[in-house]
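Undergrad: Would you mind keeping the following structure in view while I ask a few things?
There are 2 protein chains.
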Amino acid sequence: MEVTRKNFKEILPLVSESIEKADFLAIDAEFTGLMNGRDVSIFDSPAEYYIRLYNGASEFLLIQYGVCAFYWNDKKQHYLNEAYNFYLYPRRPGPEKMFLCQSSSLDFLASQGFDFNKLIKEGISYMTETTESRLRDMLAERQKNYSTEKDLISIPEQHKQQIADICKKVRKFLDDKDSDCIEIDRCNNFVRRLLFQELAQFKNEAFVETKVLENQNRILKVTRLKEGDDVTSKDNQKKEKEWEELDDAVGFSKVARMISQSGKLVIGHNMLLDVLHSLNHFFQPLPEDYGSFKEFTHCMFPRLLDTKYMSSLPPFKDKINSSVLQHLFTTLSDEPFALPKADSENGRGYNRTEEKHHEAGYDAYVTGLCFLAMYSHLSRMRGEQTARLKDPTCPVLKPFLNKLFLAKTAHQDSPYMNLVGADPTPSRDHVFHLTFPLEWQRNDINQLFSPFGPVTVQFLDDVSAIVALSRREQARDVARALAKNSKVTLIPFVKFKHKITSSKVQIDNRRQTSPVKQVCVLSVLALLFFVFLCPDTNLLCPFI
Amino acid sequence: MEVTRKNFKEILPLVSESIEKADFLAIDAEFTGLMNGRDVSIFDSPAEYYIRLYNGASEFLLIQYGVCAFYWNDKKQHYLNEAYNFYLYPRRPGPEKMFLCQSSSLDFLASQGFDFNKLIKEGISYMTETTESRLRDMLAERQKNYSTEKDLISIPEQHKQQIADICKKVRKFLDDKDSDCIEIDRCNNFVRRLLFQELAQFKNEAFVETKVLENQNRILKVTRLKEGDDVTSKDNQKKEKEWEELDDAVGFSKVARMISQSGKLVIGHNMLLDVLHSLNHFFQPLPEDYGSFKEFTHCMFPRLLDTKYMSSLPPFKDKINSSVLQHLFTTLSDEPFALPKADSENGRGYNRTEEKHHEAGYDAYVTGLCFLAMYSHLSRMRGEQTARLKDPTCPVLKPFLNKLFLAKTAHQDSPYMNLVGADPTPSRDHVFHLTFPLEWQRNDINQLFSPFGPVTVQFLDDVSAIVALSRREQARDVARALAKNSKVTLIPFVKFKHKITSSKVQIDNRRQTSPVKQVCVLSVLALLFFVFLCPDTNLLCPFI
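Just so you know, the sequences run in chain order A and B. Sequence positions in the first sequence follow the UniProt record's numbering and run 1 to 544. Sequence positions in the second sequence follow the UniProt record's numbering and run 1 to 544.
Next comes the structure, spelled out in structure tokens:
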């Protein structure tokens, strides 16, 4: 079901109902880009991975959010789904947003049929809770001051004639009583502000407001006050409208908070970025510190499950060639797996016959189906019969719960972030930092390591790379053999990382001590002055 | 005439023709945002204004470009127009672009009917000359290496079976001779790369290439080589296609370069941002230095005229209330002005009856009409008869040539940037920097200055502001009177600016001398150590 700001208010109670009755929820989101600056590296630790996303991904916008609720039908003995595909776009009176886009990402979305016109015209607004409470305070404060006197702006010489003419026109309109309102156009922002100030002289006879035309031009509308309506009631209407507008701008954040409050199992496929953007856009800005991020995430979404991580472990790992969502979906349709039935009954969800890949709602639906297929496969292996998921913390799912897949580090032993405990610290004994001559190519490196089996190479620059052995047991031999090679320098990966980290700490320390240093510089200059320039004074003697 | 990548190649010769025959060109552009970070301030000098735009505007994308060519029809004795409205979007093989958007700007464009789907699907690509030559060099280099051997990647354990199966399948396809090609799907990027490498064993029998499906999924296509077609000719076709793709990605930059090469008068309304983005996106990255920017601009566009600047000077200034393009257009339609006839004959331009405000092509057309109306008005004042503009450097236009309007500083005496000479340095004797108590509001400041007439106030923070007197002659009295006021501190603007600039220079110097400082710190520590901790040694004595 497509949700835009045209039907959001009407749909919101249905969404709440769907979440309420669901056994679990699947989500998916689309963004204006994935990564700015240097990408994640294959040997990044989960903490390093987070920092790179924090720096490189958080300025993109979240533009579509899919929520698919799976609820059990006892009569049919299978799941049904209700799905919502929300278009999201930040709006006034929320804060103006500056956001990044990645040209290829938008290009990709457009090719999948994403409707950018609908996005910008009809997207539902959202904001963090932090922003919401700040705006509520500010609005309350502003409304308090409506009745008190405003600061006066002096009218610049070149506008005096225009303002005087308009005031005359309004006076005439009030006296003539031919019509109920007049509109004043062709005024720029500044002139409108001046007019608000100058037309205040008629405040007991007329109400002045800004009117936004369909083409977004702004004009002033002056309405004659009738008997019965007084300035105060007009003012109150205005105030109520402002609160309503703020409420509209909070928009989709309400859905995100419903999901959080439900405490239900939330499924996603390769969901780290979805989680990251959800927190950052609907709850509060991401913390810089990785530990705080894990706590924050677990607090907002206490039960997460990533189908990409699930499919990367036995018994699925060897049976699945590609875990790209569409490929996974196809693979799980065939033996030895089976996709469950989970259609929609009331037109509020998807059915298997539709193919709307990369529409967030549909991808959430497909993710849910993939999850059910894998869950059933595991249950069948244990000889269990029911297809219903009653307890997300059951032994079958426990190994996958609250672990988020780290896509680019997939060929490591630790391709996940553990939200509820220590992250894995796989051995890096078979990984080295290699420095080599400028003229070398990948082949030269392969050649160098050929006696020790195949290697994975990640270039850092023209003369250095990270090299990982496939045959881990060769690590000691490699180190010994290459120690004598004068063309290259080989450092164990752990040692290399340590070196980088400590040099970073040094730089940071140096930065922080800078004011102290300034004092020191002055002292040394003073001292040197005495020592070198005043050789015949005895000024230093008291110290000695 | 709308131009997208679907008809760009076909239209390009027409554009060239239009530019060729034009007496002058009008341009207009649409962007994804206007300003990031702190906005321009009303007392910024032209150089400061440039630096602020350089830092705050250059990351937005240029998404629509209007070019309207006005050419003279001798028979009809008036101008005709040919206009082009180009949708622009950067594409591969040009570099991936990260760009900023301002939510309200996109919202505004959408409300004006801007088609974002068309933009992203059909926008014409572009790139700077710098990027173009780099990409040409890289492609030539890459193609040179096609025939030489590639670096081998070792096949990870988990992919061995899949790769072997596919190789077997291809072998069978080649032996069976049932079809001319087969497609290999459901492979991720890495697997496709491995397959390119492993399928090279069939290079004398089959040609392997990536095929992009409509939904942007990538698959491998293996085509049987027929008698007659050999690997070399297939390779050459591929190379030619790559050059063609690069040429397509240079796209609109060709039009921008045509305009530059024509040396014709180029008209814009409030055109500084248009010029800035044109240079930055189609020619080369903007220089950081303001002087270089002026030279660069004048070199690329030797004859610029800004209708907003033109309308801000006598004899137009007093007759024009608002110089927003639409308002100007309406004002110039009435007495004492007259809009000229300048219709389109061949459907390639606009006519007066259309109303497509904020479509770049239409705005360029309207700008051209406004220019002609003002030009004719000036000519008539001088008693000249012809409506044709024969020489853009004629005395009537000279005062406006190569001066770009600085919108936010409009109420100053110097609201322009002079591209061909020194910028104006208006007196700032009537402007002050004021420091005041935290609890003060705008009214308190108005109150403070009330004996000296009205003031313009620009707040810098909670306790300081820039204040300009309307009655300039009061400057000396103000300074004298407020010198005794213990609540406020008043500094002449020039002195304040000087203070800021010199403190910036100091900070920069401090940064640069940092290595020296480190040596000093060590020295002072060493000295202090001797002085304080070794009182009973005589180590310092040799210095004294």
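Glycine included, every Cβ here is placed at the ideal spot set by N, Cα and C. Owing to the predicted nature of the structure, the values given are computational and were not obtained by experimental measurement.
Any beta-carbon of chain A closer than 9 angstroms to the one on Q326 of chain B?
TA: Output row for Q326 of chain B: interface = yes.
Undergrad: In angstroms with no decimal places, state the Cα-to-Cα distance between K341 of chain A and Q284 of chain A.
TA: For K341 of chain A and Q284 of chain A, the distance between alpha carbons rounds to 38 angstroms.
Undergrad: Taking only beta-carbon atoms, is I120 of chain A less than 9 angstroms away from chain B?
TA: Chain B, which has a Cβ nearer than 9 angstroms to the Cβ of I120 of chain A, makes this yes.
Undergrad: Beta strand (DSSP E) containing A164 of chain B: first to last residue?
TA: Element bounds for A164 of chain B: not the beta strand (DSSP E) but the alpha helix (DSSP H), 157-176.
Undergrad: Leaving out the 5 sequence neighbours to the left and right, which residues in its chain are closer than 7 angstroms to L389 of chain A when beta-carbon positions are compared?
TA: Excluding residues within five positions, the ones whose Cβ falls inside 7 angstroms are D23, F24, Y375.
Undergrad: D90 of chain B versus chain A: which residues are under 8 angstroms apart at the beta carbon?
TA: Rather than Asp, the amino acid found at residue 90 of chain B in this sequence is Pro. Here the neighbours are S103.
Undergrad: Drop a sphere of 10 angstroms on the beta-carbon of residue 549 of chain B, count the other beta-carbons inside from all chains shown, and report buried for 16 or more, exposed for fewer.
TA: No information on residue 549 of chain B is available, as it lies outside the stretch 1 to 544 that chain B covers here.
Undergrad: Determine, using beta carbons only, whether I219 of chain B comes closer than 9 angstroms to chain A.
TA: It does not; no Cβ of chain A falls within 9 angstroms.
Undergrad: Is the beta carbon of H269 of chain A sitting closer than 9 angstroms to the one on T367 of chain A?
TA: In this structure, T367 of chain A lies closer than 9 angstroms to H269 of chain A by Cβ.
Undergrad: Find out if the Cβ-Cβ distance for the pair F252 of chain A, F282 of chain A is shorter than 9 angstroms.
TA: Yes, the pair counts as a contact, with Cβ atoms nearer than the cut-off.
Undergrad: Which term fits V420 of chain B, buried or exposed, when burial requires 16 or more other beta carbons within 10 angstroms of its beta carbon?
TA: V420 of chain B is exposed by the Cβ-count criterion.
Undergrad: Could you compute how far the alpha carbon of K97 of chain B sits from the alpha carbon of M98 of chain A?
TA: Between K97 of chain B and M98 of chain A, the C-alpha separation is close to 16 angstroms.
Undergrad: How many whole angstroms separate the CB atoms of D28 of chain B and A479 of chain B, which I take to be in contact at a CB cut-off of 8 angstroms?
TA: At roughly 45 angstroms, the Cβ-Cβ gap does not stay under 8 angstroms, so D28 of chain B and A479 of chain B are not in contact.
Undergrad: Under 9 angstroms between C-beta atoms, does S322 of chain A make it to chain B?
TA: Answer yes: the Cβ-Cβ gap between S322 of chain A and chain B drops below 9 angstroms somewhere.
Undergrad: Measuring CB to CB, does E355 of chain A end up less than 9 angstroms from F114 of chain A?
TA: Not closer than 9 angstroms, so no.
Undergrad: Kindly say whether T131 of chain A, judged by its beta-carbon, lies nearer than 9 angstroms to any beta-carbon of chain B.
TA: It does not: the Cβ of T131 of chain A has no partner Cβ on chain B nearer than 9 angstroms.
Undergrad: Are there 16 or more other CB atoms within 10 angstroms of the CB of K9 of chain B, so buried, or fewer, so exposed?
TA: K9 of chain B comes out exposed.
Undergrad: Between M374 of chain A and chain B, is there a C-beta pair that is closer than 9 angstroms?
TA: False, the Cβ-Cβ gap to chain B never drops below 9 angstroms.
Undergrad: Excluding the five sequence neighbours on either side, which residues of its own chain have a C-beta within less than 7 angstroms of the C-beta of S18 of chain B, listed in chain order?
TA: Correct list, in chain order: A69, E82.
Undergrad: Enumerate in chain order the residues of its own chain whose CB-to-CB distance from E345 of chain A is below 7 angstroms, with the five nearest sequence positions on each side excluded.
TA: Here the set comprises L80.
Undergrad: I'd like the span of the beta strand (DSSP E) that includes E182 of chain A, first residue to last.
TA: Note on residue identity: the sequence assigns Ile, not Glu, to residue 182 of chain A. From DSSP, the beta strand (DSSP E) with I182 of chain A extends over 181-184.
Undergrad: How about residue 546 of chain B: is its C-beta nearer than 9 angstroms to some C-beta of chain A?
TA: Nothing in the structure corresponds to residue 546 of chain B, since chain B is present only between 1 and 544.
Undergrad: Starting from I491 of chain B, trace the beta strand (DSSP E) in both directions and tell me its first and last residue.
TA: Note, I491 of chain B: beta strand (DSSP E), 489-492.
Undergrad: Going straight from the alpha carbon of V191 of chain A to that of E245 of chain B, what length do you get?
TA: Their backbone Cα atoms lie some 51 angstroms apart in a straight line.
Undergrad: Just to make sure I have the definition right: I need the residues of chain B whose C-beta is within less than 9 angstroms of the C-beta of R186 of chain A. Which are they?
TA: Within 9 angstroms Cβ-Cβ: N321, S322, V324, Q326, H327, T330, T331.
Undergrad: Secondary structure at M138 of chain A, three-state DSSP: helix, strand or coil?
TA: M138 of chain A: helix per DSSP, three-state reduction.
Undergrad: So, with DSSP's three-state summary, where would you put F532 of chain A?
TA: Residue placement at F532 of chain A is poorly supported in this model, since its pLDDT is 42, which falls under 50; the coordinates still yield a value, given next. Three-state result, F532 of chain A: helix.
Undergrad: Which residues in chain B sit within 8 angstroms of D115 of chain A, going by Cβ to Cβ distance?
TA: The answer, in chain order, is N117.
Undergrad: Say whether chain A places a C-beta atom closer than 9 angstroms to the C-beta of A164 of chain B.
TA: Not one chain A Cβ lies under 9 angstroms of A164 of chain B.
Undergrad: In this structure, how does DSSP classify S464 of chain A when only helix, strand and coil are distinguished?
TA: Correct three-state label for S464 of chain A: strand.
Undergrad: In the DSSP assignment, find the alpha helix (DSSP H) that holds Q326 of chain B and state where it starts and stops.
TA: Counting along the chain, the alpha helix (DSSP H) containing Q326 of chain B begins and ends at 325-333.
Undergrad: Measuring CB to CB, does A57 of chain B end up less than 9 angstroms from F86 of chain B?
TA: The answer is no: Cβ separation not under 9 angstroms.
Undergrad: What does the Cβ neighbour count give for L438 of chain A, buried or exposed, with the cut at 16 atoms within 10 Å?
TA: Exposed is the call here.
Undergrad: Between the stretch 382-400 of chain A and the stretch 425-440 of chain A, are three or more C-beta pairs nearer than 8 angstroms?
TA: No, the stretch 382-400 of chain A does not touch the stretch 425-440 of chain A.
Undergrad: List the residues that DSSP assigns as beta-bridge partners of M98 of chain B.
TA: According to DSSP, which records beta bridges pairwise, M98 of chain B is partnered with A:Q102.
Undergrad: Output the boundary residues of the alpha helix (DSSP H) element that contains F43 of chain A.
TA: Premise fails: F43 of chain A is in no alpha helix (DSSP H) and is neither H nor E.
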